[in-house]
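Only one structure is covered here, and it is reproduced in the block below.
In this note's numbering, the protein residues as written are 164 to 397.
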């Protein structure tokens, strides 16, 4: 499964005031979609557009935590924003979304004289790299500097690559053990270095964030939102 994390939503079954249904790979979503107001999707990027279509058909709001979407997949999901409210985010941790906000502010304040590097570490079983969260951080940095991400990003370094250019946004992926998710954004200049770091120690934080998003999105008008909207950071 090409996902950022798979939160454990089992505890939500017994959450007071919630009606829930849970499915896994191969199950039929249509059999439980009537049991609630919001569908929370942490599945596979290949499944998400079809899930979004079903939500639109049944007029259900949607929270999407699956990552790895292609531009075409993102476009297919966005096609339904005129029919239902959707929260699409690469990470549902409230701490990580604060990191997104702080990264944007730091990049705006510090300006172009700081070298930008991102380091992310996850458990040894994670299949995709870089993480969706690291890519979001890079997108924020590129947006602030008005750069095209694909031309600015540098995934690791090996051999004689020459001096670092001022335009580079470095991303480095580390894998090992059972690390849930660590992300650090480095702003490095001559004489000083600023590091912004978030470390996740329990997957429940992602489940709580997704639940908060679900409670928020079910009363929103149709549209495409992210966790910055949910937390009022925009």
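We treat Cβ as the ideally placed atom computed from N, Cα and C, and that holds for glycine.
Beta-carbon spacing of residue i, residue j below 7 Å
| i | j | result |
| --- | --- | --- |
| residue 229 | residue 245 | no |
| residue 372 | residue 256 | yes |
| residue 377 | residue 203 | yes |
| residue 361 | residue 258 | yes |
| residue 212 | residue 239 | yes |
| residue 350 | residue 269 | yes |
| residue 332 | residue 265 | no |
| residue 344 | residue 363 | yes |
| residue 250 | residue 388 | yes |
Chain-order list of residues whose beta-carbon lies under 8 Å from that of residue i (same chain, five-residue window excluded)
| i | result |
| --- | --- |
| residue 197 | 221 |
| residue 216 | 243 |
| residue 169 | Bear in mind that a pLDDT of 44 at residue 169, under 50, signals an unreliable position, so the model cannot answer this. |
| residue 195 | 184, 185 and 186 |
Cutoff 6 Å; reference residue i; Cβ partners in own chain excluding five residues on either side
| i | result |
| --- | --- |
| residue 318 | 334 |
| residue 394 | 260 |
| residue 379 | 393 |
| residue 273 | 350 |
Residue burial classification, residue i (beta-carbon count within 10 angstroms, cutoff 16)
| i | result |
| --- | --- |
| residue 397 | exposed |
| residue 357 | exposed |
| residue 289 | buried |
| residue 260 | buried |
| residue 223 | buried |
| residue 189 | exposed |
| residue 370 | buried |
| residue 275 | exposed |
| residue 177 | The predicted model places residue 177 with a pLDDT of 49, which falls under 50 and marks its position as unreliable, so this point remains unresolved. |
| residue 382 | exposed |
| residue 324 | exposed |
| residue 167 | Low local confidence applies: a pLDDT of 35 at residue 167 is under 50, so the model's placement there is unreliable, with the coordinate-based value given in what follows. Residue 167 is buried by the Cβ-count criterion. |
| residue 214 | buried |
| residue 241 | exposed |
| residue 328 | exposed |
Cβ distance (whole Å) where residue i is taken to contact residue j below 8 Å
| i | j | result |
| --- | --- | --- |
| residue 302 | residue 346 | Actually they are not in contact, since the Cβ atoms of residue 302 and residue 346 sit about 13 Å apart, beyond 8 Å. |
| residue 300 | residue 348 | 6 Å |
| residue 390 | residue 219 | That pair is no contact at about 21 Å. |
| residue 262 | residue 192 | In fact, because the Cβ distance is near 32 Å, the residues do not count as touching under 8 Å. |
| residue 338 | residue 285 | 6 Å |
| residue 292 | residue 322 | With a Cβ gap of about 19 Å, residue 292 and residue 322 do not count as contacting. |
| residue 326 | residue 310 | 18 Å between Cβ atoms; not a contact. |
Min CB distance residue i to chain B below 7 Å
| i | result |
| --- | --- |
| residue 290 | Protein chains in the displayed structure number just one, and chain B is not present. |
Sequence-distant residues of its chain with Cβ nearer than 7 Å to residue i (five each side left out)
| i | result |
| --- | --- |
| residue 267 | 303 and 307 |
| residue 287 | 338, 339 and 340 |
| residue 277 | 350, 351 and 352 |
Pick out the complete beta strand (DSSP E) segments inside the region 210-292, 3 residues or longer, and give them in chain order. 224-227, 248-251 and 278-285
Alpha helix (DSSP H) runs wholly inside the region 329-395, at least 4 long, in chain order: For the region 329-395, whole alpha helix (DSSP H) runs of length 4 or above, ordered along the chain, are 367-380 and 390-393.
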